[in-house]
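J.: One structure is given below, represented as structure tokens, and several questions about it will come after.
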Amino acid sequence: MAPIGVYIKDLRERAGMAGFKVYGSTTSTNTLRVVDCLFVKGLDFEFVPIDLGAGEQKTEQFLNNMNPFGQVPVFEDGDLKLFEPRGISKYGRIIQAILTNKIAKS
Ligand SMILES: N[C@@H](CCC(=O)N[C@@H](CS)C(=O)NCC(=O)O)C(=O)O
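Residue 1 is where the sequence shown starts when you use UniProt numbering, and the numbers rise one by one after that.
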């Protein structure tokens, strides 16, 4: 396992560069939890609607590229994808700290 400094450096390099995306549905409480968390942290993101009723979360494309569990939300930052709301929230907190220089840039 890499030391935490390596992860922090990688996060610093990627923070806000790629533009965040949230794939989800406004009828999904888990999506709304993530959206709310990003708003509170002042992090910009693009919202990509997924039609749960139509089963868009179960397509092969979604299962292979977004979330193998076939659920929303999915948070995307470049090639990084997260699909656990608490993990997304924690990631947002770290990114916010980096962007607001609470974790000093080297
Ligand atoms: N483990 C996930 C569960 C996410 C979840 O339950 N998502 C629901 C919407 S709130 C979903 O995608 N449902 C559609 C499905 O399961 O097909 C989490 O904690 O967020």
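From the three backbone atoms N, C-alpha and C, an ideal C-beta is built for every residue, glycine too.
Between the Cα of R93 and the Cα atoms of F69, S25, V34, G24, which residue gives the shortest distance?
T.: As a working mapping, residue 93 is identified with position 93 in the sequence shown. The shortest C-alpha separation from R93 is found at V34.
J.: With respect to the beta strand (DSSP E) encompassing K102, which residues constitute its N-terminal and C-terminal limits?
T.: If you number the sequence shown from 1, residue 102 lands on position 102. Taken as a continuous stretch (DSSP letters only), K102 belongs to no beta strand (DSSP E), as it is neither H nor E.
J.: Residues bridged to Y23 by DSSP?
T.: Reading the sequence shown from its first residue, position 23 is the one you call residue 23. Bridge partners of Y23: V48, V74.
J.: Helix, strand or coil, according to DSSP, for K58 in the structure here?
T.: Working through the sequence shown from its first residue, we reach residue 58 at position 58. Note: K58 maps to helix in three-state DSSP.
J.: With the cut-off set at 7 Å, would you say F47 and V22 are in Cβ contact?
T.: Numbered from 1 along the sequence shown, position 47 holds the residue referred to as residue 47. Numbered from 1 along the sequence shown, position 22 holds the residue referred to as residue 22. The answer is yes: Cβ separation under 7 Å.
J.: Between which two residues does the beta strand (DSSP E) carrying L43 extend?
T.: Along the sequence shown, one-based indexing puts residue 43 at 43. Taken as a continuous stretch (DSSP letters only), L43 belongs to no beta strand (DSSP E), as it is neither H nor E.
J.: Roughly how many angstroms separate the alpha carbons of S89 and M66, rounded to a whole number?
T.: As a working note, residue 89 is residue 89 in the sequence shown. As a working note, residue 66 is residue 66 in the sequence shown. Their Cα atoms are separated by approximately 18 Å.
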